[in-house]
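Peer 1: I am attaching a structure below and will ask some questions about it afterwards.
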Amino acid sequence: MEFRTLRSEVRGPRSIISQTRSSITLCLLLAASFSGCTAVRHAPIAGDRTTDLARALNDGHARSVILLIGDGLGDSEITIARNYQVGAAGRLALDTLPFTGEYTTYVVQEANPALPDYVGDSAATATAWATGHKTSHARLSTTPQTDEPLKTLLELAQEKGLRTGNVTTAELTDATPAALNAHINHRNCEGPADMAPCPKYKKSAGGPGSIAEQTVDHHVDVLLGGGRSRFEQTIDGGPYAGQTVIQSAIAQGYTVIGLAPALSAMQPGGMLLGLFASGDMGLEWRGEPAKRYPGSGPQRCVEGVRPPSEPSLAVMTRKAIELLDHDARRGFFLQVEGAAIDKRDHAADPCGQIGETVAFDAAVQVALEYAATHADTLVVVTGDHAHTSQIIPAPQPKDHSPGVFSTLITADGANMTLQYATNLPGRSQEHTGTQIHIAAQGPQAANVVGVTDQTALFALIARALSLEAHRAT
Ligand SMILES: [Zn+2]
Numbered sequence: 001m002e003f004r005t006l007r008s009e010v011r012g013p014r015s016i017i018s019q020t021r022s023s024i025t026l027c028l029l030l031a032a033s034f035s036g037c038t039a040v041r042h043a044p045i046a047g048d049r050t051t052d053l054a055r056a057l058n059d060g061h062a063r064s065v066i067l068l069i070g071d072g073l074g075d076s077e078i079t080i081a082r083n084y085q086v087g088a089a090g091r092l093a094l095d096t097l098p099f100t101g102e103y104t105t106y107v108v109q110e111a112n113p114a115l116p117d118y119v120g121d122s123a124a125t126a127t128a129w130a131t132g133h134k135t136s137h138a139r140l141s142t143t144p145q146t147d148e149p150l151k152t153l154l155e156l157a158q159e160k161g162l163r164t165g166n167v168t169t170a171e172l173t174d175a176t177p178a179a180l181n182a183h184i185n186h187r188n189c190e191g192p193a194d195m196a197p198c199p200k201y202k203k204s205a206g207g208p209g210s211i212a213e214q215t216v217d218h219h220v221d222v223l224l225g226g227g228r229s230r231f232e233q234t235i236d237g238g239p240y241a242g243q244t245v246i247q248s249a250i251a252q253g254y255t256v257i258g259l260a261p262a263l264s265a266m267q268p269g270g271m272l273l274g275l276f277a278s279g280d281m282g283l284e285w286r287g288e289p290a291k292r293y294p295g296s297g298p299q300r301c302v303e304g305v306r307p308p309s310e311p312s313l314a315v316m317t318r319k320a321i322e323l324l325d326h327d328a329r330r331g332f333f334l335q336v337e338g339a340a341i342d343k344r345d346h347a348a349d350p351c352g353q354i355g356e357t358v359a360f361d362a363a364v365q366v367a368l369e370y371a372a373t374h375a376d377t378l379v380v381v382t383g384d385h386a387h388t389s390q391i392i393p394a395p396q397p398k399d400h401s402p403g404v405f406s407t408l409i410t411a412d413g414a415n416m417t418l419q420y421a422t423n424l425p426g427r428s429q430e431h432t433g434t435q436i437h438i439a440a441q442g443p444q445a446a447n448v449v450g451v452t453d454q455t456a457l458f459a460l461i462a463r464a465l466s467l468e469a470h471r472a473t
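Take the sequence shown: its letters are residues 1 to 473, numbered as in my numbering.
Next comes the structure, spelled out in structure tokens:
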């Protein structure tokens, strides 16, 4: 019964998506001469969904959890990608999960942890969902001021015997994945040669080492992303002193790969470290960056620019699930990060941002397809903090903000103007502090409904997986 309900939850919206996509193609083909395009301008008529929602309620336990984090994925970024890719009345895969809410993402001040810092960075916000505790900027799963390690969902899942995976389009040592398998007081300590901000954590000082070292030493079953240069640095203490982090990974039982074909050839069994780029992985799309008034565009983005040697986020997600799910006796915990939504928002690059959001949505679709046949899977889709980009009216000669703009031609065939104005033109745009979207399906999913806090996501997942920590939350 539950199985059929979940399948219909996924299939229904999929048919809407495919209908909408063909309408978009028609709409774009006709845009020059046809002003209607009505097929994508009317949302499906909303009927009474009470029964469907009641059937989707599940207060049971999950065998597995797939957590998908869009870095910098605020409501604005979702709406921008939806308008561009499927039209204002279309729906993305991430729009189809049955339960949604908003959660607050404030962090705390290092100088006085009793006070909030209303705009978080990805390290402190990841610590909140990964450990259930608020911390201050740049910290990864450590307490403000006192550097105490905070137990993470990944560690608790390992203690319970679950298999674990961590996937990102950024460096694997970047803040979001790092919060699950590293405890360190500064996010910049990514490799053994990057330890100036946190000398006491060096292995030569008796510490647990950099983020790259801690990641490998945690024996996470599947690690996929960028950041190879961090893992090529030389370890300065402990049993692997003088070796690179990659060499220490191989010595500890990892298979290490670096190209997309090698990933597709991987078979279940053993631990996998996939490092597909020296730094961050390549972007999916490109286009003109936003500019001062009157801005760039109107433009359509150039798609398909990701290097062929690098797998997409959806491909990494599908493979991670395949590798983690091979043991019927054990469930898994998998984190999947779409990292460059945030990075291209910082750069006021609308096409880069939208392309990464669409790629993230494709990874969500992979998770939903798995859940359609594995109803004991909790799927959660959210962001970590809000960001800069806004949809605004077309700027006028006398009335426009001092920020930068770009106008995009959407799937509706209409112009959409975006503004980036949280810093001076040419400087890195800033995160913002609004509450953001969270969506879920499967066991415990209804607990995202309403306004919750980011730390509640830790409790939700711990409870769904019956992890030790859920008793205290
Ligand atoms: Zn950021």
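Note that the Cβ used here is the ideal one computed from N, Cα and C, for glycine as well. Bear in mind the structure is a predicted one, so any value in this text is a computation, not a measurement.
#1: Take T152 and list the residues in its own chain whose beta-carbon comes closer than 6 Å to its own, dropping the five residues that flank it on each side.
#2: Considering only the beta carbon of each residue, do G287 and T417 sit closer than 8 Å?
#3: Just list the residues that DSSP pairs M416 with in beta bridges.
#4: Can T455 and K202 be called in contact, C-beta distance under 8 Å?
#5: Is S122 near ligand 3, going by C-beta to nearest heavy atom under 7 Å?
#6: Can you name, in chain order, every residue of its own chain whose Cβ lies under 8 Å from the Cβ of E322, other than the five neighbours on each side?
#7: What residues in its chain sit with their C-beta under 8 Å from that of A241, if we drop five residues either side in the sequence?
#8: Ligand 1 and H137: does any heavy atom of the ligand fall closer than 7 Å to the residue's C-beta?
#9: Please determine whether the Cβ atom of D147 lies at a distance below 7 Å from any heavy atom of ligand 1.
#10: Give the DSSP-derived three-state secondary structure of A370 in the structure shown.
#11: So, under 8 Å CB-CB, T434 and G101 are touching, yes? Tell me the CB distance rounded to an integer number of Å.
#12: Shortest alpha-carbon distance to D194 belongs to which of A182, T244, I211, G206?
#13: Which residue comes first and which comes last in the beta strand (DSSP E) that contains T127?
#14: Helix, strand or coil: how does DSSP classify M271 here?
#15: Roughly how many angstroms lie between the CA atoms of A351 and R228, to the nearest whole one?
#16: What is the rounded straight-line gap between the Cα of G426 and the Cα of G47?
#17: Is the distance from the Cβ of A439 to the Cβ of T377 below 8 Å?
#18: Report whether the distance from the Cβ of K117 to the nearest heavy atom of ligand 1 is below 7 Å.
#19: So P298 is in the alpha helix (DSSP H); what residue range does that whole segment cover?
#20: Which residues in the same chain as A32 place their Cβ atom closer than 6 Å to its Cβ, once the five residues preceding and following it in sequence are excluded?
#21: In three-state terms, what does DSSP make of V220?
#22: Output needed for Y118: all residues of its chain with C-beta closer than 7 Å, excluding positions within five of it in sequence on either side, in chain order.
#23: Taking S221 as the reference, give the member of L272, I246, A93 with the closest Cα.
#24: Give me the Cα-Cα distance between S264 and G274, rounded to the nearest whole angstrom.
#25: Using only the alpha-carbon positions, how far apart do G355 and F332 sit?
#26: Which one or two residues does DSSP pair with V451 in a beta bridge?
#27: If distances are taken between C-alpha atoms only, which option among R330, G225, P289 comes closest to A314?
#28: Who are the near neighbours of Y420 in its chain, counting only those whose CB is closer than 7 Å to its CB and skipping five residues on each side?
#29: Any idea if A328 is buried or exposed, counting beta-carbon neighbours within 10 angstroms, 16 or more meaning buried?
#30: By a C-beta neighbour count over all protein chains shown, 10 Å radius and 16 as the cutoff for buried, is S401 buried or exposed?
#31: CA-CA distance, V448 and S136?
#32: May I ask whether a heavy atom of ligand 1 can be found less than 7 Å away from the beta carbon of G346?
#33: Can you tell me whether G72 is buried or exposed, with buried defined as 16 or more other CB within 10 angstroms of its CB?
#34: Roughly how far, in whole angstroms, is the beta-carbon of V167 from the beta-carbon of E284, given that I think they are within contact range, below 8 Å?
#35: Could you have a look at S64 and say whether DSSP puts it in helix, strand or coil?
#36: Name the residue from V358, T373, E190 whose alpha carbon lies nearest to the alpha carbon of D325.
Peer 2: Per the coordinate set shown:
#1: So the list reads A130, T131, S141, L180, once near-sequence residues are dropped.
#2: Inclusion of G287 and T417 in the CB contact set at 8 Å is not warranted, their separation being larger than that value.
#3: Beta-bridge pairing by DSSP links M416 to L408.
#4: In this structure, K202 does not lie closer than 8 Å to T455 by Cβ.
#5: Ligand 3 is absent from the structure shown, which contains only ligand 1.
#6: Correct list, in chain order: P268.
#7: Apart from sequence neighbours up to five positions away, the residues of its chain that approach A241 with a beta-carbon distance below 8 Å are K203, S204, I235, ordered along the chain.
#8: H137 Cβ: outside cutoff for every heavy atom of ligand 1.
#9: False, no ligand heavy atom lies under 7 Å from that Cβ.
#10: Position check: residue 370 holds Tyr in this sequence, whereas Ala was assumed. Secondary structure at Y370: helix, using DSSP grouped into helix, strand and coil.
#11: The pair is not a contact, with the Cβ atoms about 14 Å apart (cut-off 8 Å).
#12: Closest by alpha carbon: I211.
#13: The continuous stretches of beta strand (DSSP E) do not include T127, which lies in the alpha helix (DSSP H) extending over residues 122 to 131.
#14: M271 falls in the strand class under three-state DSSP.
#15: Here residue 351 turns out to be Cys, not Ala, going by the sequence shown. Between the C-alpha atoms of C351 and R228 there is a straight-line separation of about 26 Å.
#16: The alpha-carbon atoms of G426 and G47 are separated by roughly 47 Å.
#17: No, the pair does not count as a contact, with Cβ atoms beyond the cut-off.
#18: It is worth fixing the name first, because residue 117 is Asp in this sequence and not Lys. Not under cutoff, so the answer is no.
#19: It is not in any alpha helix (DSSP H) - P298 instead sits in the beta strand (DSSP E) that spans 296 to 299.
#20: Caution is warranted here: a pLDDT of 33 is assigned to A32, below 50, making its placement in the model unreliable, and no coordinate value can be reported.
#21: Residue state, collapsed to three classes: coil.
#22: Counting only Cβ-Cβ distances below 7 Å, and skipping sequence neighbours, we find Y106, G433.
#23: Here residue 221 turns out to be Asp, not Ser, going by the sequence shown. For D221, the nearest C-alpha among the options comes from L272.
#24: The C-alpha of G274 is placed about 11 Å away from the C-alpha of S264.
#25: When rounded, the separation of the alpha-carbon atoms in G355 and F332 is 29 Å.
#26: Among the bridge pairs identified by DSSP, V451 is matched with E102.
#27: Minimum Cα distance to A314 is reached at G225.
#28: Excluding residues within five positions, the ones whose Cβ falls inside 7 Å are A290, A348, T388, S389, G403, V404, Q429.
#29: With fewer than 16 other Cβ atoms within 10 Å, it is exposed.
#30: Burial call: exposed.
#31: Going from the Cα of V448 to the Cα of S136 covers about 24 Å.
#32: In the sequence on display, residue 346 carries His and not Gly. Yes.
#33: By the C-beta density criterion, G72 is buried, having at least 16 other C-beta atoms within 10 angstroms.
#34: Actually they do not touch by this definition, with Cβ atoms about 15 Å apart.
#35: S64: strand per DSSP, three-state reduction.
#36: Closest option to D325, Cα to Cα, is T373.
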